[in-house]
Every structure is written in C-alpha cells, then in structure tokens.
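**Q** Heads up: the sequence lines are chains A and B, in that order. For what it's worth, our numbering labels the leading residue of the first sequence as 5, then goes sequentially. For what it's worth, our numbering labels the leading residue of the second sequence as 418, then goes sequentially. Backbone N, C-alpha and C define an ideal beta-carbon position, used for all residues, glycine too.
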Amino acid sequence: MHLKYKIQGGNFSKAGFASSEVKKILRQLSIEPKTIKRLVVALYEGEVNIVAHAYNGLITVDIDTEKVTVTLKDNGPGIPDIDKAMEQGYSTASAAVREMGFGAGMGLPNMKKNTDEMTIKSVVNEGTEVIFINYI
Amino acid sequence: MEQNVFHHAFSVDKSVCIGCTHCMKVCPTQAIRVRNGKAEVMPERCIDCGECYRVCPVHAFRIGEDDLSDIIQFPVKVALLPAVFTGQFPDDISTDRIYQAIHQLGFSHVHEVEQSVDFLKEKTLQYQISDDESPHISSFCPAIVRLIQIRFPSLTDNIIRLRVPHDLTAELIKNDFIKEGYKDSEIGIFYITPCAAKIAAVKSPVGEDKSVINGVINMDSLYNKVMALIKKEDKTSSAQHRTHLGADAITWSLTNGESKHAHGRALAIDGIKNVSEFLEKIENEEITDVDFLELRACDESCAGGILCTSNRFLTAERLQKRARKSELANRDSDLTGENNPEANRFLEQKMTLEHIEPRPIRLDIEIGTALKKIERIRELMCFLPGFDCGACGAPDCRALAEDIVQKKANVSDCVFMQHNNLLDREHAQRIIYKIWGEEALNKDCSKKGAKNEGN
C-alpha cells in the first residue's frame, strides 16, 4: 500500500497529521502496538523536521506484509554536516522554532533510535531526503 | 485473566429506541450501528462510557443493576458509597442523615469508597518513582482504561497497575469482618455506582480475576429511595456508627482530585473527547514532558457520572465544601492512613493489578488480508460522499467503508450511491427499510419537534 502526504514548511499546527493517519492504518493491521509506536514516533520527528527547516516536503509511506518504508523528501536548506546533525543536542533551529518547544537537537538521533534502517541524503540549498525502514 | 466476553451494563430498549443517529455519532469507539430502525451495540467495542445514554433523546438505554433485595441473603450488608453520592443532596440534608436513611433501607453498614485513598495516594507516588513507563496514567476511570485498550493500545503499559479505591476499600472491609469471625460468604458488599463503566469494572474487571464486590446498585435509584425516606421525615432507625473521610479522600473522584497529589508535571483531563485528543498526542510522542495523567471520561469526573441525579457543578461544589469542613476539623480517613499500619500492610498484598491487555480493533488477523482490506476501504472512500450523514446506519462514511469490506454492509446502503448507481425506487426503499425500519418514513406528528409532540 502506498500513502502520500504533502507537508507545508512552517505550519506547526498541522505537524503530526501524517503520523496520526499512518498510525490509524497500522493499528488496523495486526501489528504490535510497540512496533507501531516506534514507527509513528520516527515519522512524527521527520514531519517536524520538514516543518521546522524546509519550505515544503513530501512524505511517502509504503506498507507491505514485512516492512514499512518511509521516504521524507523536502525542498529546504539541506544539512551541511550530517554526522554533526546526528549528534544529540545539535540543532540549527531558529529561536522562533525553539520558542515553540521544538528544535532541541533530538530530532534525527531520536528518529534513528526508532527505526531499523535509516539513510540521509542532503544537498545544501536544495533539500534533504531521509529514507527509513521499520520491519513489522 | 481477562474474560473474552465483555459484560456491558447497557442494553437498548428496542420498544423505546426510535432509531435516530445521536448515540451512533457520539460513540468514541464507533461501537453503534442502526439496523432495522434500532441502535445495536457491538460488545467487543463498547467501553461503557455512557456517551450514548447521555445523548439519547428518548432514554432508550437501560443500565442493568442488581436488586436491592439481594442484600437480604447476607448477614453483613455493606453499602459501599462513593463520596459523590453525598454531593447529590441539597445543603440542608446532612451526611449523617444520608447515612441513616441508607441504614433504614436495610444495610447493616455504610462505608465510603474513598476510605483507601490515603493509602493509594502514597502507593501512587512510590509507583511513579519505581516504574519508568512515563507518563503514568491513572487506572481510576474504567471507561478510560477500556478506551486505551481499544484506541490507544500502545499505552496500556502506561496505566498504573494499582487497583482502584472501591476494590481496595472492599478488600479492607471484608478482611475486617473476617477477622471478626464472619465467613466470606456471609459478607455482602454492594457498590453504589455513579456510572455504567464502574458496573462493567465490577462484572468483568480488567487486570484482575474477579471483583471483591458482590453487587452493584445504581446511584439514581438509591437516591430516589433515600430521598423518599428523608421527605417522609421517617427516622425510625437509631443513629448508627459512621465513618469519616479526610479532605483528600472526599475530593479524590473530582477533577484534579488525583493529579494534585502526583509527582512532577501532572495533568487532569476530563471529558472523553478531550482525553482522546490528548492521548493521540501522547501516543505520537508529540507531547513528552508529562509525568502523570488523571483521565476521566465524564465532564467534572464522577460528579458528572450518568447515574448522578444532581447537577455536576453543584455536586463538585458541595464536595469541596465538605472537604473544607473535614480539613477544619483536622480529620483523617478512618480506615487507612498513618494511624492504621495494619490496614496498610494488608492492602499492600492486594493492591497490584495484573497485566492490562491491548485490544485494538483489527481488520483481519492476517496482515496481508488486512492490507488488502485497507486498500479497498481507501478505494471505496473515493466514491462515498464524505458527508458522514449517517443515513446508512454507520456513524460516518469511513465506518461504512469498513463495514463493507467486513461484509457487514453494502455499498448501496449509502443513499447517494443508490442515486449514483440508479437503483430503482423499490430496491432503494427496501434498503432504507432494512436500516431504518418500515415505519421510519411514515408521517408521525407525535415525534420530537412535530406539532403533537409528546401525545
């Protein structure tokens, strides 16, 4: 099954929509609640990353009987140093974003923790693509 | 051990149900459908929250209770009374008088549920420190426990595995009588319930084998009996020994009653819609920095229980007043607390709940089949109008689509699809009759809002 969600940069009030929708679907499959939770947490982090940093983005979710593959692709500033971005506490979020309770530098590390496989590709001034896979 | 068959206190009186959509629309687990002009409840989905009962315009929902005359078979007849019961009465009727009237009705002893609150308060704090599944969610409201099992299954481990006040107090009372020489079978403990969820909790408990409570009496029916005695000024019974509650115990079942005692950042949320909205965010970890959640299905918590007679805001205010009085008198609850180390030791053996099972609603046990069904639902949603009108007998279009893939409904149950598919008039009528009953579309001036309403 193939799901697609457009994400608008800067719109924090809608962050979480894709995660909630995907969660509803996964819940109806006979998947362990804990497995669903990991995936949804990772997806929510990804969603917030796009909202916080990029201009717009697209999330696609592919579900088969063994795994869920999530692709988060955005048009945005890109990540100059991916290794650094993977460190806990490192953040480039603006003061305004932090004021809203986001941007603590936990996003990417927390995503990684909650996924089975994760790859990041990024081009500065163009955008970022994160692909992760969770086995169900 | 959990039972596979869920006891529900609710039933629909089919002779009264007019087959409208009110209950179906408010049900938080989409457990209701209309068939043959009557509401039908799916037992595996119902969480006994009582939202349907609250909105039914013709009072077609019945809540089963045990017979008050059942108490006769027990030499010891205990009324286990939640503090909200004392908040049902006008200010000029004293708590003493209420106790007395309950004795007159045949109970040998009256105890308030919240006697075990001082104990529970301490144990909850210890639990918060020793268990790391944060946020900790109180097990107090049985409708919320069931809501979590069904709609937020990944959060079942966050529910605090401590038994609720009515069970703990009942254990304590029973133990005291056994110490006095009574047999277990001679002690009858009857819980006076403010809601249907507590009935379900007694009849098919979650996280324990069997409830210690012998019977359940609905609060509204006891209220009527007590009020009748008080109005008659009939005080034949002599004054009986009564027990007292401390201020924290009196307000425990009100909103904020638990959360104000918890560690860390603690929130109190009442109303099942508010709770669902919040749990959605907790489950996604959109909200993470909360330590304790007091979640109650009813607005104003137990003061807003569906079996309460009085206005919920007045009940809450009366209980606050009673709590202040108790505080001024420097009173503690009689049965537990610092002065009762023996009772506390006994309750420690009885306080833990077993594992609470998640019970998500699945489309199929086989994942491949479930996936296909979801794809089919999404495809059907391209065609269904999305008005969520309820004319098909399902709460919204999405629920109809689910029912269709589960072979419980047909595409042509949707009136707009009937139009689109150019169903002939007779065929369409047959379908409407099947859902809404043959009389549903007849002229009837006695219905609500019509010119002879109530005749």
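Mapping DSSP to helix, strand and coil, what is B/R563?
**A** Helix at B/R563.
**Q** Would you list the residues sitting across from A/L76 in a DSSP beta bridge?
**A** Note: A/L76 sits in a beta bridge opposite A/I63, A/V134.
**Q** Does the beta-carbon distance from A/G20 to B/E703 come in below 8 Å?
**A** It is a contact, given that the beta carbons lie within the stated cut-off.
**Q** Express the C-alpha separation of B/E482 and A/A100 in angstroms, rounding to a whole number.
**A** Spanning the two alpha carbons is a distance of roughly 57 Å.
**Q** Are any of the Cβ atoms in chain B nearer than 8 Å to that of A/V65?
**A** No, no contact with chain B.
**Q** A/E121 to B/K690, Cα distance in whole Å?
**A** Computed Cα separation, rounded: 36 Å.
**Q** Could you list the residues in the region 48 to 82 of chain A with a C-beta less than 7 Å from some C-beta on chain B, going in chain order?
**A** Of all residues in the region 48 to 82 of chain A, Y48, I67, T69 have a Cβ within less than 7 Å of some Cβ in chain B.
**Q** What is the rounded straight-line gap between the Cα of B/K825 and the Cα of B/C809?
**A** Distance between the alpha carbons of B/K825 and B/C809: 12 Å.
**Q** Compute the Euclidean distance between the alpha carbons of B/L770 and B/F833, then round it to the nearest angstrom.
**A** Answer to the nearest angstrom: the Cα atoms are 49 Å apart.
**Q** Please list the residues of the region 783 to 810 of chain B that have a C-beta atom closer than 7 Å to any C-beta atom in chain A, keeping them in chain order.
**A** Within the region 783 to 810 of chain B, the residues whose Cβ lies closer than 7 Å to some Cβ of chain A are I784, G785, A787, L788, I791, E792, listed in chain order.
**Q** Run down chain A in chain order and give the residues with a C-beta less than 8 Å from the C-beta of B/S571.
**A** Under the 8 Å cutoff, chain A gives P37, K38, I40, K41.
**Q** Beta carbons nearer than 9 Å to chain E: which residues of the region 687 to 710 of chain B have them?
**A** Annotation note: the requested chain E is absent from the structure, which comprises protein chains A and B.
**Q** Using Cβ-Cβ distances below 8 Å, what residues of the region 753 to 784 of chain B are close to chain A?
**A** If the cut-off is 8 Å between Cβ atoms, the region 753 to 784 of chain B has P775, P777, I778, R779, L780, D781, I782, E783, I784 near chain A.
**Q** Candidates B/C437, B/P474, B/I773: which alpha carbon is nearest B/D626's?
**A** When each option's Cα is compared against that of B/D626, the closest is B/I773.
**Q** Nearest-angstrom Cα distance between B/N757 and B/L764?
**A** Using only the alpha carbons, I get a separation of about 11 Å.
**Q** If we cut at 8 Å on Cβ distances, does A/R102 have a partner in chain B?
**A** Chain B contact via Cβ: absent.
**Q** Flag A/L112 as yes if its beta-carbon sits less than 8 Å from any beta-carbon of chain B, otherwise no.
**A** It does not; no Cβ of chain B falls within 8 Å.
**Q** Return the first residue and the last residue of the beta strand (DSSP E) that B/G632 is part of.
**A** Its beta strand (DSSP E) spans residues 632 to 635.
**Q** Counting beta carbon pairs with one atom in the region 775 to 786 of chain B and one in the region 593 to 602 of chain B, are three or more of them shorter than 8 Å?
**A** Verdict: no, contact absent.
**Q** Can you find the residues in the same chain that come closer than 6 Å, C-beta to C-beta, to A/A22, ignoring five residues on each side of it along the sequence?
**A** Y9, E51, I63, listed in sequence order.
**Q** Taking only beta-carbon positions, decide if B/N421 is within less than 8 Å of chain A.
**A** Unreliable placement is indicated for B/N421, whose pLDDT of 46 sits below 50; the coordinate value is still reported in the next sentence. Not closer than 8 Å to any Cβ of chain A, the Cβ of B/N421 fails to qualify, so no.
**Q** For the beta strand (DSSP E) that contains B/R452, what are its first and last residues?
**A** Segment 449 to 452, the beta strand (DSSP E) holding B/R452.
**Q** Is there a Cβ from chain B that is less than 8 Å from the Cβ of A/I29?
**A** Cβ-Cβ to chain B under 8 Å: yes for A/I29.
**Q** Rounded C-beta distance between B/V501 and B/C725? I'm assuming under 8 Å.
**A** The pair is a contact, with the Cβ atoms about 6 Å apart (cut-off 8 Å).
**Q** Count the other CB atoms within 10 Å of the CB of A/M104; is the residue buried (16 or more) or exposed (fewer)?
**A** Its Cβ having fewer than 16 others within 10 Å, A/M104 is exposed.
**Q** Could you work out which residue in B/I546, B/P492, B/L572 is closest to B/S556 when comparing CA atoms only?
**A** Checking every option, the nearest Cα to that of B/S556 belongs to B/L572.
**Q** Taking the DSSP output, what are the residues bridged to B/E457?
**A** In DSSP, B/E457 forms a bridge with B/R450.
**Q** Report the neighbours of A/Q32 on chain B: residues whose CB is nearer than 9 Å to its CB, in chain order.
**A** Per Cβ cutoff of 9 Å: P777, I778, R779, L780, D781, A787, K790, I791, I794, E819.
**Q** Would you grab the beta carbon distance between B/S750 and B/D535 for me? Rounded to a whole angstrom, and I think it's under 8 Å.
**A** Contact flag correct, Cβ pair sits at about 5 Å.
**Q** Assign B/K431 to one of two classes, buried (16 or more other C-beta atoms within 10 Å of its C-beta) or exposed (fewer than that).
**A** Exposed: under 16 other Cβ atoms inside 10 Å.
**Q** Quick one: what does DSSP say B/R659 is sitting in, helix, strand or coil?
**A** Of the three classes helix, strand and coil, the one that applies to B/R659 here is coil, per DSSP.
**Q** Is there a Cβ from chain B that is less than 8 Å from the Cβ of A/M5?
**A** Answer yes: the Cβ-Cβ gap between A/M5 and chain B drops below 8 Å somewhere.
**Q** Assuming B/L498 and B/E457 are in contact, meaning their beta carbons sit under 8 Å apart, how far apart are those beta carbons, in whole angstroms?
**A** Going by Cβ atoms, the distance from B/L498 to B/E457 rounds to 35 Å, so no, they are not a contact pair.
**Q** Is any heavy atom in the ligand SAM found nearer than 7 Å to the beta carbon of B/E774?
**A** Looking for the ligand SAM in the displayed structure turns up nothing, as the structure carries no ligands at all.
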